[in-house]
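Residue numbers (full-length UniProt numbering): 1 to 268.
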């Protein structure tokens with residue numbers, strides 16, 4: 001017998017050109033994902049083929065009730081793994097009807113930074129190690145903990161980071177180690193600004209213990225996981241490569257963190 005999910009998610013691509021597109025965006029908290037679906041004519045191969053849409057921003061904490069419309073701009077499409085077939089997920093960012101990015105639209109400023117000629121020419125690479133905890137279904141309890149067990153008190157929070165590995169074209173080429181050291185020096189000069197943008201509650205994690213640097217102290221080192229910035233042994237040996245910014249928290253906004261690292265190291 002087919003389940004309701006099977007019936008809802010039928011692959012109808014053999015009998016119709018129409019597809020379902022799920023528009024997704026970041027909600028008012030800055031960390032919640034909202035979505036709504038519409039049916040469009042397929043096939044769709046690029047986000048630019050999709051129409052802008054709107055939603056009630058007063059219901060998501062992103063607009064007042066008397067002027068509630070927020071406009072969705074499609075930016076990137078992906079195959080829908082839930083509905084399958086030719087159906088799509090589309091990632092959107094959000095604007096006022098006048099075309100002004102709303103406060104929770106962090107992608108807009110990131111795109112401006114990444115599209116500047118100097119940043120674009122450096123072909124920045126990022127590898128984000130976002131840590132997380134798996135919870136058991138239907139109960140607010142970490143996976144693997146015995147039901148009725150007595151865990152210790154909250155903390156320490158060292159498993160709540162989003163270490164961000166970063167390199168530019170110049171860093172990856174011969175002589176790149178000098179470029180890396182210059183970039184790290186620039187990051188040190190803006191330590192307070194980066195900490196302010198690197199995630200809420202980060203002071204509970206960056207204690208100077210458990211492979212973290214103290215939140216008020218900037219330092220870097222080779223193979224030093226107690227530093228703000230870690231450079232790998234291979235990078236030191238090869239004279240080129242990448243470095244790891246160990247300060248971002250796991251609840252960080254990747255648009256904010258990645259664009260800020262690029263701005264500090266390449267534009268300032």
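Beta carbons are placed, not taken as given, at the ideal position from N, Cα and C, and that holds for glycine.
Since residue i is in the alpha helix (DSSP H), which residue starts that stretch and which ends it?
{"i": "residue 193", "result": "191-197"}
{"i": "residue 54", "result": "Looking at the DSSP string, residue 54 is not in any alpha helix (DSSP H); the run it does join, the beta strand (DSSP E), is 53-56."}
{"i": "residue 113", "result": "107-114"}
{"i": "residue 119", "result": "117-121"}
Could you check where the beta strand (DSSP E) with residue i kicks off and where it finishes?
{"i": "residue 38", "result": "33-41"}
{"i": "residue 76", "result": "69-79"}
{"i": "residue 90", "result": "88-95"}
{"i": "residue 24", "result": "18-26"}
{"i": "residue 127", "result": "125-130"}
Count the other CB atoms, across all protein chains shown, that sit within 10 Å of the CB of residue i; report buried if there are 16 or more and exposed otherwise.
{"i": "residue 48", "result": "exposed"}
{"i": "residue 154", "result": "exposed"}
{"i": "residue 225", "result": "exposed"}
{"i": "residue 209", "result": "exposed"}
{"i": "residue 159", "result": "exposed"}
{"i": "residue 239", "result": "exposed"}
{"i": "residue 29", "result": "exposed"}
{"i": "residue 241", "result": "buried"}
{"i": "residue 31", "result": "exposed"}
{"i": "residue 271", "result": "Lying before the first or after the last residue shown, residue 271 is absent from the chain, which here runs from 1 to 268."}
{"i": "residue 206", "result": "buried"}
Could you check the C-alpha separation between residue i and residue j for me, to the nearest Å?
{"i": "residue 132", "j": "residue 138", "result": "18 Å"}
{"i": "residue 227", "j": "residue 218", "result": "7 Å"}
{"i": "residue 188", "j": "residue 114", "result": "21 Å"}
{"i": "residue 34", "j": "residue 106", "result": "15 Å"}
{"i": "residue 162", "j": "residue 78", "result": "24 Å"}
{"i": "residue 221", "j": "residue 186", "result": "15 Å"}
{"i": "residue 38", "j": "residue 120", "result": "34 Å"}
{"i": "residue 17", "j": "residue 54", "result": "24 Å"}
{"i": "residue 94", "j": "residue 101", "result": "6 Å"}
{"i": "residue 50", "j": "residue 156", "result": "46 Å"}
{"i": "residue 116", "j": "residue 89", "result": "28 Å"}
{"i": "residue 258", "j": "residue 216", "result": "21 Å"}
{"i": "residue 96", "j": "residue 44", "result": "26 Å"}
{"i": "residue 72", "j": "residue 264", "result": "30 Å"}
{"i": "residue 193", "j": "residue 262", "result": "14 Å"}
{"i": "residue 141", "j": "residue 135", "result": "5 Å"}
{"i": "residue 130", "j": "residue 66", "result": "39 Å"}
{"i": "residue 223", "j": "residue 91", "result": "37 Å"}
{"i": "residue 36", "j": "residue 183", "result": "42 Å"}
{"i": "residue 281", "j": "residue 229", "result": "Outside the displayed range of the chain (1 to 268) lies residue 281, so it cannot be described from this structure."}
{"i": "residue 234", "j": "residue 172", "result": "12 Å"}
Answer yes or no: does any C-beta atom of chain D fall closer than 8 Å to that of residue i?
{"i": "residue 73", "result": "The displayed structure is made up of one protein chain only, and chain D is not part of it."}
inquiry  = Does the segment 184-199 come into contact with the segment 242-257, if we say contact requires no fewer than three beta-carbon pairs (one atom in each stretch) closer than 8 Å?
reply    = yes
query = Quick one: complete beta strand (DSSP E) runs, 3+ long, within the segment 151-177?
reply = 162-167
message = To test your reading of the DSSP string, which unbroken alpha helix (DSSP H) runs of 4 or more residues are found completely within the segment 189-262?
response = 191-197, 233-238, 254-262
query = Does the segment 176-186 come close enough to the segment 141-152 that 3 or more CB-CB pairs lie under 8 Å?
reply = no
task = Indicate whether the contact test is met: 3 or more Cβ pairs, each with one atom in the segment 117-129 and one in the segment 45-59, closer than 8 Å.
result = no
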